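2 protein chains.
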Amino acid sequence: MAQTIPVSPLALPMPELGVVRGIRLGAIAAGIRYKGRTDLVLAEMAPGTTVAGVFTKSKCPGAPVDWCRAILPKGEARALVVNAGNANVFTGQAGRKTCEATAEAAAKLADCSAENVYLASTGVIGEILPAERITSALPALHTALSENGWEDAARGIMTTDTFPKVAVRKATIKGTEVIIQGIAKGSGMIAPDMATMLAFVATDAKLPASVLQTLLSAGIQKTFNCITVDSDTSTSDMVLLFATGAAQNPDIVTTTDVLTDPELADFRTALNVVLHDLALLVIRDGEGITKLMSIKVSGAVSDQSAWRVAMAIGNSPLVKTAVAGEDANWGRVVMAVGKCGEPADRDTLSVSIGGVCIARNGTVVDGYDETPVVAHMKGQEIDIAVDLGLGTGIAQAWSCDLTHGYIDINGSYRS
Amino acid sequence: MAQTIPVSPLALPMPELGVVRGIRLGAIAAGIRYKGRTDLVLAEMAPGTTVAGVFTKSKCPGAPVDWCRAILPKGEARALVVNAGNANVFTGQAGRKTCEATAEAAAKLADCSAENVYLASTGVIGEILPAERITSALPALHTALSENGWEDAARGIMTTDTFPKVAVRKATIKGTEVIIQGIAKGSGMIAPDMATMLAFVATDAKLPASVLQTLLSAGIQKTFNCITVDSDTSTSDMVLLFATGAAQNPDIVTTTDVLTDPELADFRTALNVVLHDLALLVIRDGEGITKLMSIKVSGAVSDQSAWRVAMAIGNSPLVKTAVAGEDANWGRVVMAVGKCGEPADRDTLSVSIGGVCIARNGTVVDGYDETPVVAHMKGQEIDIAVDLGLGTGIAQAWSCDLTHGYIDINGSYRS
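The structure is reproduced here in structure tokens:
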């Protein structure tokens, strides 16, 4: 499938990549599922690299998710192995053994403990992932690792993705410049064959794992947790953040809250921008996408409630097909608000599309002229705004339209 | 749109219709939205007809839903007016005035109070529904009402429906034969332009409104509340049950629980079958349907939990597109179980398709042969069964596949 899908019309050009000192990467064609493309990625990190991670909430997580969750409390990472084409999910004891064998092989190459090796797999669920395919390819891959291997790595983790996804920003910590660079795959957080959304971010900053974890957990709330392609949560979702420490910035003494510490303000901002960029790149490659939807909700009883309303709009097949059809069918937005179970009052509800207020206080605006809204719907980026008129809760979410392309890709993913 | 959609391949022929003494129906072309087809339905019920109703849980309900909810406690119905093409939702004060004017016009014709007139509207949201179109058409419609008007009524309430939906059963109450007959519209409970799922059931049984309401509320739990086309809950969903009393069965003295009273056992069964038949007819006309999915969940911690798991599978775009593509991609069923937030344990989970157990206890069955499952996926009715291995909770739900037809219908519904 992957080769035949045209590049997303919402794709963005790759940014100019930097080097994250202390991490070397590469990709190789290991023949795991795909022919004639790379499908195995290895990254080796300098000793002392700290790590933070967030994982899928699925009750049926993949074996690599279990593996990473178990080793994360140690907080140190020396290697990362990612394969595409097979998610190693619902593979029982065989799946666990593949994780162990892969980690041990990578640990030998990186001269570290297997418990410092992070694993991720993406692709079909329920098929046994043969460890030998990976372990036999790792030595050659290891000799070719490079500080400039980021683009290769971004390509090597793709499944139904139509373009590689990289984001980069610089920040200063106590006067020392550091870099934050990451890659992601997924045509949805929430998408292809549930083997879905992976993102790996690295920085040369020197930061303890506990600080990284706090920043990452907070950062994903308004980025990766606010995107949806199809409401289907992956069994393999994972975002990992590595800090090699090579920038040798002065130590951060976290006497104050990590999320408000002014010494970390610039880094926090840059990290959140990288997470935002990667999350939006995933949506821009949403399966079958022709239009990017941005959904702003205000006036909710809480931010959490606003988020649920925004995601209900972003997940509604009827809203998504209307956007695909360039139909300014705002009634479907009303429907999505009404169905989602959050506090809402028809008679205080307002709906805008493309900045034009269409409905207010439970009915269409007097003399509503659809012309500018129709024009907006013909664009590639569709802005929907809802004010519930109840409180001060706000949220923003991003989704894509639901098109024939989505049906084509997912009706025959395994074939 | 409606005229150009081919008839659902899952359509069933109309059953042989009966007469429900005490109710006369008819339909007329009132020019509300569609050209050259009926779009206004009137039913007149004999004095003393009792009524029960269940309505959408949407926080943005249509004006007719508000109207019916307000008069339902009176428990008596003398007329029903339904229009297709405009849902009278999110229409503010104008929408309420249209309801009042319609009810008053019908009350005059039926010689009753406006508070005995039930109203329903289905179609586009957010457009003002002009009362005159309805009130000016009602007198001619009223003179043509007939005990044999059921098929006309079933056709008159259609929007994107591709076939009219009727179900009928007979039952005895204390030795007296009664009939239960109903009509429904909707290509989803949950579907077209949210103006969606309406069902009207009538019986000539003599039963108090309180008994009817208890039976109806219980009956929809395993019928209409277990179907989904696209997870989008209508602002206008409504099921009404009328009992004219014309069968003159002996009075039911509800000394025991209505839901266990042996005098009502036969009626309860027949009512539940009618509700089941109508609900399944709605799914069989799911927008773009090519395959009917039946989802059985067992081994859940409770029936409620089993229902949520079944609906998560039925609503998953990835499961639905796999079914459309005849792909026995059972990993997506695992994904849907995992994401839905209900208690589940990957390592006690079993999945069957077409009666073939594919995965058990967290991994694929040894020597799994996909051949019979592939053959099953080519059929029109797809059976998915999941056992969670945790408790005794069970549920069954019905859904349809997600196809190009759904995109076509909903990308241009208003045009």
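These protein sequence lines map, in sequence, to chains A and B.
Position 327 of the first sequence, counting from 1, maps to 327 under this note's numbering, and the rest follow consecutively.
Just remember that this note's numbering sits 1000 ahead of the position in the second sequence, which is counted from 1.
For each residue, glycine too, the CB sits at the ideal point set by N, CA and C.
Since we're looking at a predicted model, the values are computed, not measured.
Alpha carbon of residue i to alpha carbon of residue j, nearest angstrom
i, j, result
"Val1351 of chain B", "Asp1303 of chain B", "18 Å"
"Val1124 of chain B", "Pro1006 of chain B", "21 Å"
"Gly26 of chain A", "Pro61 of chain A", "26 Å"
"Leu1080 of chain B", "Glu342 of chain A", "32 Å"
"Trp307 of chain A", "Thr228 of chain A", "12 Å"
"Thr98 of chain A", "Gly85 of chain A", "15 Å"
"Val117 of chain A", "Ser58 of chain A", "22 Å"
"Gln213 of chain A", "Leu259 of chain A", "11 Å"
"Ala1114 of chain B", "Asn1361 of chain B", "60 Å"
"Ile180 of chain A", "Ala279 of chain A", "15 Å"
"Pro1013 of chain B", "Arg1284 of chain B", "12 Å"
"Thr1371 of chain B", "Ala1359 of chain B", "15 Å"
"Lys291 of chain A", "Val1333 of chain B", "28 Å"
"Ser1305 of chain B", "Val1386 of chain B", "13 Å"
"Val65 of chain A", "Cys226 of chain A", "21 Å"
"Pro15 of chain A", "Lys165 of chain A", "9 Å"
"Cys1357 of chain B", "Val1297 of chain B", "13 Å"
"Ser210 of chain A", "Leu145 of chain A", "28 Å"
"Asp257 of chain A", "Asp251 of chain A", "15 Å"
"Ala1195 of chain B", "Leu1010 of chain B", "The predicted model places Ala1195 of chain B with a pLDDT of 42, which falls under 50 and marks its position as unreliable, so this point remains unresolved."
Under 8 Å between C-beta atoms of residue i and residue j
i, j, result
"Leu388 of chain A", "Gly299 of chain A", "yes"
"Arg1069 of chain B", "Phe1055 of chain B", "yes"
"Ser417 of chain A", "Asn148 of chain A", "With chain A running from 1 to 415 in the structure shown, residue 417 of chain A is simply not present."
"Asp1345 of chain B", "Leu1390 of chain B", "yes"
"Glu263 of chain A", "Lys174 of chain A", "yes"
"Val1051 of chain B", "Gly1075 of chain B", "yes"
"Gly996 of chain B", "Met1293 of chain B", "Because chain B spans 1001 through 1415 in this model, residue 996 of chain B falls outside it and cannot be assessed."
"Val1282 of chain B", "Ala1140 of chain B", "no"
"Asp1383 of chain B", "Ile1353 of chain B", "yes"
"Phe163 of chain A", "Ser399 of chain A", "no"
"Val1178 of chain B", "Ala1171 of chain B", "yes"
"Met1311 of chain B", "Ala1218 of chain B", "no"
"Gly53 of chain A", "Asp204 of chain A", "no"
"Leu240 of chain A", "Phe200 of chain A", "yes"
"Ile407 of chain A", "Ile1407 of chain B", "yes"
"Leu129 of chain A", "Gly92 of chain A", "no"
"Ala1105 of chain B", "Thr1143 of chain B", "no"
"Trp330 of chain A", "Gly1411 of chain B", "no"
"Ser236 of chain A", "Ala87 of chain A", "yes"
"Ala1063 of chain B", "Thr1102 of chain B", "no"
"Leu1202 of chain B", "Val1020 of chain B", "Note that residue 1202 of chain B is Ala in the sequence shown here, rather than Leu. Yes, the Cβ-Cβ distance between Ala1202 of chain B and Val1020 of chain B is below 8 Å."
"Gly1186 of chain B", "Asp1152 of chain B", "no"
"Thr363 of chain A", "Asn249 of chain A", "no"
Residue span of the alpha helix (DSSP H) that contains residue i, given as start and end
i, result
"Gln181 of chain A", "Note, Gln181 of chain A: premise wrong, no alpha helix (DSSP H); beta strand (DSSP E) at Thr176 to Lys185."
"Met311 of chain A", "Asp303 to Asn315"
"Leu1281 of chain B", "Ala1265 to Arg1284"
"Pro64 of chain A", "Ala63 to Ile71"
"Leu1216 of chain B", "Ala1209 to Gln1221"
Delimiting residues of the beta strand (DSSP E) encompassing residue i
i, result
"Thr203 of chain A", "Leu198 to Thr203"
"Lys1165 of chain B", "Lys1165 to Ile1173"
"Ser1294 of chain B", "Leu1292 to Ala1300"
"Ile1028 of chain B", "Ile1023 to Ile1028"
"Phe242 of chain A", "Met238 to Ala243"
"Leu40 of chain A", "Leu40 to Met45"
"Val958 of chain B", "Summary: the structure shown does not reach residue 958 of chain B, with chain B confined to residues 1001 through 1415, and so no result is reported for it."
Distance cut-off 7 Å: residue i Cβ against heavy atoms of the ligand NAD
i, result
"Val1124 of chain B", "As presented, the structure is devoid of all ligands, the ligand NAD included, so that no description of it is given."
### Query
For the stretch 313-325 of chain A against the stretch 387-406 of chain A, are there 3 or more C-beta pairs whose distance is under 8 Å?
Counting C-beta pairs closer than 8 Å gives three or more between the stretch 313-325 of chain A and the stretch 387-406 of chain A, which meets the contact rule.
### Task
Jot down the residue ranges of each uninterrupted beta strand (DSSP E) in the stretch 1332-1414 of chain B, minimum 3 residues, whole runs only, in chain order.
The stretch 1332-1414 of chain B contains these whole beta strand (DSSP E) runs: 1350-1353, 1356-1360, 1381-1387 and 1393-1400.
### Query
Using 8 Å as the Cβ pair cut-off and three pairs as the minimum, do the stretch 257-276 of chain A and the stretch 368-376 of chain A touch?
Judged by pairs of C-beta atoms under 8 Å, the stretch 257-276 of chain A does not touch the stretch 368-376 of chain A, as fewer than three such pairs exist.
### Query
Per the contact definition of three or more C-beta pairs closer than 8 Å, is the stretch 1240-1253 of chain B in contact with the stretch 1040-1048 of chain B?
Yes, since at least three Cβ pairs between the stretch 1040-1048 of chain B and the stretch 1240-1253 of chain B fall closer than 8 Å, the two stretches touch.
### Task
Please go through the stretch 87-160 of chain A and give each complete beta strand (DSSP E) segment of 3 or more residues, from N-terminal end onward.
Within the stretch 87-160 of chain A, the beta strand (DSSP E) runs of at least 3 residues that lie entirely inside it are, in chain order, 117-124.
### Message
Below 8 Å, how does it come out for the stretch 1032-1040 of chain B and the stretch 1154-1173 of chain B: are there three or more Cβ pairs, yes or no?
### Response
The stretch 1032-1040 of chain B is in contact with the stretch 1154-1173 of chain B.
### chain E contacts from the stretch 107-141 of chain A (Cβ-Cβ distance under 8 Å)
Absent from the structure: chain E. Protein chains present are A and B.
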